[in-house]
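Per the UniProt record's numbering, the sequence shown starts with residue 1, numbered consecutively. A short write-up of the structure that comes next.
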Amino acid sequence: MIAHLADIESMEKSFRTNLINHLTGGKAVHLIGTYNEHHQSNLAIFSNVIHIGAYPAMIGVLFRPIGENSHTYKNIQANKQFTLNQIPLSMVQQAHQTSARYPFGTSEFEACEIEEETIPEFDGPFVKHSLIKMGLIWEEEHLIKSNQTVLLVGKIQYISIEDSILLPDGHIDLGLAQSLSAGGLDTYYQLNQLTQFPYAKVLADASHEPRRNS
Numbered sequence: 001m002i003a004h005l006a007d008i009e010s011m012e013k014s015f016r017t018n019l020i021n022h023l024t025g026g027k028a029v030h031l032i033g034t035y036n037e038h039h040q041s042n043l044a045i046f047s048n049v050i051h052i053g054a055y056p057a058m059i060g061v062l063f064r065p066i067g068e069n070s071h072t073y074k075n076i077q078a079n080k081q082f083t084l085n086q087i088p089l090s091m092v093q094q095a096h097q098t099s100a101r102y103p104f105g106t107s108e109f110e111a112c113e114i115e116e117e118t119i120p121e122f123d124g125p126f127v128k129h130s131l132i133k134m135g136l137i138w139e140e141e142h143l144i145k146s147n148q149t150v151l152l153v154g155k156i157q158y159i160s161i162e163d164s165i166l167l168p169d170g171h172i173d174l175g176l177a178q179s180l181s182a183g184g185l186d187t188y189y190q191l192n193q194l195t196q197f198p199y200a201k202v203l204a205d206a207s208h209e210p211r212r213n214s
């Protein structure tokens with residue numbers, strides 16, 4: 001298929017949405033846990049989660065245009081805290097169900113039968129059986145004017161990783177963790193390690209040197 005701008009804009013809406021959502025390949029998928037202003041827990045699945053930086057340790061979440069059902073975003077605005085939880089393979093169907101539009105004040109932990117965990121060190125609801133968990137505080141956000149989406153940046157305050165998947169050099173074995181990625185809005189894939197290379201450096205090859213004029 002070859003498509004130019006006019007072709008893309010004339011596509012049937014659901015086809016175009018699926019196509020564009022799949023173009024960038026698999027995306028990391030997480031459950032975001034929040035409390036509302038009444039300290040009621042909320043849980044929602046997100047695939048627009050990106051690494052921002054390692055020092056300071058920051059993660060970005062891209063939110064669709066904010067509307068009445070943007071419970072996660074509004075909860076973060078109210079409390080400035082949220083959790084990111086890796087989704088175990090065994091929980092993929094329950095995790096997907098959190099994308100349903102439950103009424104404000106309904107806990108997806110309860111509605112989707114996902115066990116909630118609280119800890120003294122961070123005031124946010126975690127997914128108990130997640131192997132990789134993070135607690136973050138709101139750091140800053142940016143409006144993408146062309147489509148009114150919001151890039152929210154959180155600073156990592158707390159990390160919990162199952163010891164069996166954490167390697168001595170700081171790598172995490174995502175295959176052993178049975179981590180998931182998402183294609184589009186409703187299709188999920190399991191990650192498996194293919195290979196690992198050393199840090200890439202420019203090769204000292206004389207053939208790559210620029211020619212000099214004589």
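All residues carry an ideal CB built from backbone N, CA and C; glycine is no exception.
Inset, instruction - Enumerate in chain order the residues of its own chain whose CB-to-CB distance from LYS80 is below 6 Å, with the five nearest sequence positions on each side excluded. - result: One-based indexing of the sequence shown puts residue 80 at position 80. Within the same chain, LYS80 has close Cβ partners ILE137 and TRP138.
Legend entry - Distance, MET1 Cα to GLU162 Cα: Your numbering for residue 162 matches position 162 in the sequence shown. Your numbering for residue 1 matches position 1 in the sequence shown. Straight-line Cα distance between these residues: approximately 44 Å.
Inset, instruction - From the DSSP output, in three-state form, read off MET58 for me. - result: Against the sequence shown, residue 58 aligns to sequence position 58. MET58 falls in the strand class under three-state DSSP.
Legend entry - CA nearest to the CA of ASP123, picked from LEU62, TYR158, GLU12 and HIS171: Along the sequence shown, one-based indexing puts residue 123 at 123. Out of LEU62, TYR158, GLU12 and HIS171, TYR158 has the C-alpha closest to the C-alpha of ASP123.
Inset, instruction - Below 7 Å CB to CB, which residues in the same chain sit around LEU37 once its five sequence neighbours on both sides are set aside? - result: Along the sequence shown, one-based indexing puts residue 37 at 37. It should be pointed out that residue 37 corresponds to Glu in this sequence rather than to Leu. Excluding positions up to five away in sequence, the list reads ALA78.
Inset, instruction - Just mark TYR192 as buried or exposed, buried being the case when its beta carbon has 16 or more other beta carbons within 10 Å. - result: One-based indexing of the sequence shown puts residue 192 at position 192. It should be noted that the sequence gives Asn, not Tyr, for residue 192. Looking at its Cβ environment, which holds fewer than 16 other Cβ atoms inside 10 Å, ASN192 is exposed.
Inset, instruction - Classify ILE144 as buried or exposed, calling it buried when 16 or more other Cβ atoms lie within 10 Å of its own Cβ. - result: Counting from one through the sequence shown, the residue named residue 144 turns up at place 144. By the 10 Å Cβ count, ILE144 comes out exposed.
Inset, instruction - Give the DSSP-derived three-state secondary structure of ALA78 in the structure shown. - result: Along the sequence shown, read from residue 1 onward, the residue named residue 78 stands at position 78. Three-state result, ALA78: helix.
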